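All remarks here apply to the structure that follows.
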Amino acid sequence: MKKIAIASEGEKVSQHFGYCEGFKIAEIEDNTVVGEAYLKNPGHKPGLLPKLLAEKGVDLVISGGMGGNAISIFNENNIDVITGASGKISRVISDYISGDLTSGNSACKEHAHHGEGMHNH
155 MKKIAIASEG EKVSQHFGYC EGFKIAEIED NTVVGEAYLK NPGHKPGLLP
205 KLLAEKGVDL VISGGMGGNA ISIFNENNID VITGASGKIS RVISDYISGD
255 LTSGNSACKE HAHHGEGMHN H
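See below:
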């Protein structure tokens with residue numbers, strides 16, 4: 155079984171991993187979703203989300219965009235990352251199961267005014 159977490163804003167993939175509303179977690183076995191859950195984002199603190207999702211047994215994280223530090227921490231926790239996803243979460247899950255979802259180049263760039271809400275995407 156594989157457990158995937160999709161950064162979400164309502165029913166759509168969030169374009170900014172760290173500031174998403176939460177995570178739709180899907181358990182996939184034999185190309186079928188066998189379980190779903192939702193985890194509210196507890197807040198944007200460097201390193202918190204990768205460790206939290208690792209504790210939940212997540213194998214893969216899907217997001218629109220993600221910073222390089224978060225990607226590195228996920229990799230250190232043996233969690234794969236796919237960025238560049240967009241649209242409805244249900245479609246992204248279907249695309250993942252069918253093998254049609256690949257990682258794009260959507261890493262969020264680091265910026266000097268992180269705490270001021272300025273984002274360079």
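Residue numbering for the sequence shown follows my numbering, beginning at 155 and increasing consecutively.
By construction, the Cβ of each residue, glycine as well, lies at the ideal position given by its N, Cα and C atoms.
Note that the structure is a prediction, hence the values are computed from the model and not measured.
State yes or no: is the C-beta of residue i within less than 8 angstroms of the C-beta of residue j?
| i | j | result |
| --- | --- | --- |
| N195 | G222 | no |
| T237 | S257 | yes |
For residue i, which residues does DSSP report across the bridge?
| i | result |
| --- | --- |
| Y192 | K178 |
| T237 | Note: T237 sits in no beta bridge, so no partner. |
| V215 | A159 and V235 |
Tell me the rounded alpha-carbon separation between residue i and residue j.
| i | j | result |
| --- | --- | --- |
| Y173 | S217 | 11 angstroms |
| A224 | V235 | 10 angstroms |
| A239 | Q169 | 8 angstroms |
| A161 | N229 | 17 angstroms |
| L214 | V188 | 16 angstroms |
| N185 | S226 | 27 angstroms |
| L165 | G197 | For the sequence presented, residue 165 should be read as Glu rather than Leu. Cα to Cα, E165 sits roughly 19 angstroms from G197. |
| D249 | N232 | 22 angstroms |
| K205 | I158 | 14 angstroms |
| K242 | D254 | 15 angstroms |
- Query: Is it a yes or a no for the region 198 to 209 touching the region 181 to 189, going by three-plus beta-carbon pairs under 8 angstroms?
  - Reply: Short answer: they don't touch.
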